[in-house]
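Residue numbers (UniProt numbering): 1 to 756.
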């Protein structure tokens with residue numbers, strides 16, 4: 001059994017507890033075998049160790065009362081100082097109780113057997129454990145936890161615990177163990193990984209920084225803290241020595257090799273029995289705290305003073321957590337104040353078996369600090385922890401076991417029913433069930449029963465199939481209804497479209513009839529005018545034949561009596577016919593082709609095209625600007641509506657609460673008014689630009705109209721000149737006998753000209 005694991009009876013005394021560790025434990029009532037897997041409720045076990053006094057130091061007065069049946073007590077006597085006066089009410093005697101007190105002559109192996117060995121045994125059984133040393137600087141914390149380097153017998157708790165754990169693991173062949181270690185240093189409230197394999201640190205800043213992360217279940221995770229696997233004691237000790245070489249150590253007036261940081265060496269153990277799905281995971285924290293010191297006494301400065309501030313502050317936060325845990329009705333525990341208390345959350349009032357070692361330096365100079373350490377230890381002894389056996393199920397083994405169990409149940413079921421069952425129904429079984437369901441639905445008998453036998457697969461299939469049939473019937477009804485509605489809509493829409501088409505066709509036919517009537521009237525008028533001209537020409541030729549004085553040229557030409565002015569007017573009327581027809585929208589084909597050729601080669605055509613493109617751009621810009629102006633105007637109207645609504649709300653509030661002032665300053669209303677002013681400015685600018693664009697567009701349209709008129713006039717002049725040239729080249733075209741054929745030949749010549 002663990003030696004000295006619990007002493008005395010009763011729950012009020014520090015260390016008394018109900019133990020559920022799977023080992024035999026000793027209590028005041030005798031030895032009891034505790035059941036495995038139960039919760040362990042206990043207070044933190046507190047021990048004291050007195051440091052030997054040096055040669056030049058004056059030992060203080062103290063006494064140790066060791067009683068095996070009850071807790072040990074330590075009495076510290078502070079002699080009265082005569083310099084304080086004859087009347088002095090200062091306390092002279094201080095008495096403290098501990099689980100056990102190790103005096104100056106105590107050896108390292110005795111300390112390990114009493115303190116660390118029981119915790120290591122429970123860690124091997126699957127419980128979490130913590131051992132931490134607390135005391136002022138130079139009181140022997142590092143010597144107790146890590147040990148000295150002079151003699152092999154000076155090994156501390158960490159190397160002895162590693163040796164004991166690996167020795168026990170080698171002896172126990174019934175389980176498979178896996179061991180990992182980690183080494184965390186907290187220096188000036190910053191965490192560092194002392195075992196990082198990727199860095200060979202020459203300075204502390206070269207080590208990777210460790211940060212704290214917390215999951216939704218308030219479990220602490222340390223980011224960048226590496227876990228190194230140790231297969232045997234030698235590998236674990238090498239990792240320990242590697243971490244110790246990277247620790248921050250400095251010389252102070254109180255200690256020549258004072259550790260200036262908190263260090264937590266953690267051993268992680270996982271165990272599993274072969275073939276079992278249960279895995280036990282446990283961890284053992286071995287904590288070496290930096291020593292507290294009074295700056296006024298040590299007189300340090302500079303970098304050492306900064307370190308002392310951080311050390312004292314973190315220990316102060318640790319004491320705050322201890323005080324909060326000792327109070328019964330305290331709802332909040334300030335774990336997050338420092339990194340050390342966050343890491344040790346489970347060790348202080350959580351799922352852990354925790355042990356504290358109070359290291360004391362009982363010389364006259366350090367009596368006050370030793371009393372303070374003892375008081376802290378008494379507060380720690382009031383904290384209760386609830387340690388739970390850390391077991392979890394290996395999912396892979398559990399899956400394999402469940403598969404085997406399912407197969408066994410299938411075999412038993414096949415043995416009882418006499419038929420082999422698979423996970424899915426066969427095709428024949430499904431068809432048979434479909435027939436049964438169809439017969440059941442078609443049966444009008446209300447007492448009919450659907451009997452598929454004691455088979456859950458068939459029952460589930462019947463329910464799913466009937467549900468699908470109901471859903472399909474609902475969907476088909478909805479489809480029919482929607483299809484009927486759509487057909488009615490389509491019929492009405494199609495009827496309306498046909499009516500509109502017929503109306504449009506009727507209007508189109510009316511228009512075509514009107515156009516044809518007008519064309520017939522015009523053609524009739526043209527025919528009458530041509531007949532009138534032919535009658536006039538024939539009458540003129542008769543008059544000329546009867547004349548007596550006729551020269552040779554008049555005999556050749558029957559048009560001799562027609563004056564030159566009438567002939568010129570007639571030719572001009574013939575020349576202008578195409579242009580007159582173009583102005584009415586009926587330009588002849590040859591004239592149109594000639595006009596296109598003339599327009600392409602004319603000098604003003606480039607100017608017209610440029611003005612046309614510029615006009616398109618201005619139209620597009622004006623359209624976009626008009627849309628923006630409309631948007632701004634709508635926004636202004638919307639803001640005005642919001643102000644009006646705001647004013648109505650204020651008026652209603654003033655009516656409901658007469659104490660409210662109607663003209664009270666409203667920042668929202670002022671903001672809306674400022675937005676309206678900005679939008680008005682924007683509206684004014686865009687509106688002015690729109691007016692300028694309108695003037696520019698009108699000017700461009702006027703220029704294009706003038707250019708088109710000029711082009712039309714130039715074409716008419718050119719066309720008449722070309723017609724005159726043709727007449728001069730063929731004078732025989734103009735005679736009395738061929739007057740009727742002038743117009744068709746003129747059209748023919750114009751077509752020939754356009755082709756050229």
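We put the beta carbon where it would ideally sit given N, CA and C, even for glycine.
Whether residue i touches residue j by CB criterion (8 Å)
i: residue 382; j: residue 348; result: no
i: residue 184; j: residue 222; result: yes
i: residue 137; j: residue 291; result: yes
i: residue 277; j: residue 409; result: no
i: residue 189; j: residue 310; result: yes
i: residue 240; j: residue 161; result: no
i: residue 117; j: residue 164; result: yes
i: residue 272; j: residue 175; result: yes
i: residue 314; j: residue 220; result: no
i: residue 437; j: residue 465; result: yes
i: residue 211; j: residue 191; result: yes
i: residue 633; j: residue 693; result: no
i: residue 228; j: residue 195; result: yes
i: residue 615; j: residue 690; result: no
i: residue 669; j: residue 648; result: no
i: residue 226; j: residue 182; result: yes
i: residue 265; j: residue 399; result: no
i: residue 71; j: residue 108; result: no
i: residue 702; j: residue 611; result: no
i: residue 354; j: residue 130; result: yes
Residues near residue i in its chain [Cβ-Cβ closer than 7 Å; skip 5 each side]
i: residue 732; result: Bear in mind that the predicted position of residue 732 carries a pLDDT of just 46, short of 50, making it too unreliable to give a figure here.
i: residue 103; result: 50, 64
i: residue 371; result: 76, 94
i: residue 687; result: 629
i: residue 380; result: 44, 46, 322, 356
i: residue 373; result: 134, 135, 136, 358, 360
i: residue 144; result: 49, 111, 133, 156, 157, 357, 359
i: residue 168; result: 124
Limits of the unbroken beta strand (DSSP E) element including residue i
i: residue 232; result: Run containing residue 232: none; DSSP gives neither H nor E here.
i: residue 282; result: 278-288
i: residue 386; result: 384-387
i: residue 45; result: 45-50
i: residue 209; result: 209-214
i: residue 222; result: 220-223
i: residue 152; result: It is not in any beta strand (DSSP E) - residue 152 carries neither H nor E in the DSSP assignment.
i: residue 184; result: 176-187
i: residue 191; result: 190-193
i: residue 65; result: 61-65
Same chain, Cβ closer than 8 Å to residue i, neighbours up to 5 away in sequence not counted
i: residue 636; result: 676, 679, 680, 683
i: residue 376; result: 134, 319, 322, 358
i: residue 767; result: Given a span of 1 to 756 for the chain in the structure shown, any question on residue 767 remains unanswerable.
i: residue 92; result: 77, 78, 79, 80
i: residue 336; result: 342
i: residue 263; result: 183, 184, 185, 186, 194, 243, 247, 287, 288
i: residue 697; result: 615, 618, 619, 622
N- and C-terminal bounds of the alpha helix (DSSP H) containing residue i
i: residue 262; result: Here residue 262 belongs to no alpha helix (DSSP H); instead the beta strand (DSSP E) covers 262-272.
i: residue 631; result: 604-656
i: residue 163; result: 157-171
6 Å Cβ shell around residue i - same chain, five flanking residues per side excluded
i: residue 747; result: Confidence in residue 747 is poor, its pLDDT being 39 and thus under 50, which makes the residue's placement too unreliable to answer from.
i: residue 153; result: none
i: residue 213; result: 221, 223
i: residue 126; result: 280, 282, 389, 390
i: residue 603; result: none
i: residue 312; result: 292
i: residue 338; result: 314, 317
Cβ-heavy atom distance, residue i to the ligand FMN, below 7 Å
i: residue 440; result: Of the ligands one can find in the structure shown there are none, so the ligand FMN has no counterpart to examine.
Exercise. Examine the Cβ distances between the segment 356-364 and the segment 125-140 and report whether three or more of them are shorter than 8 Å.
Key: yes
Exercise. Examine the Cβ distances between the segment 425-436 and the segment 446-460 and report whether three or more of them are shorter than 8 Å.
Key: yes
Quiz item: Which residue spans inside the segment 418-470 form an unbroken alpha helix (DSSP H) run of at least 4?
Solution: 427-442
Quiz item: Can you list the beta strand (DSSP E) stretches of 3 or more residues lying completely in the segment 74-146, in chain order?
Solution: 93-98, 100-102, 129-134
Quiz item: Which runs of the alpha helix (DSSP H) spanning at least 4 residues fall entirely within the segment 301-370, listed in chain order?
Solution: 303-326, 339-343
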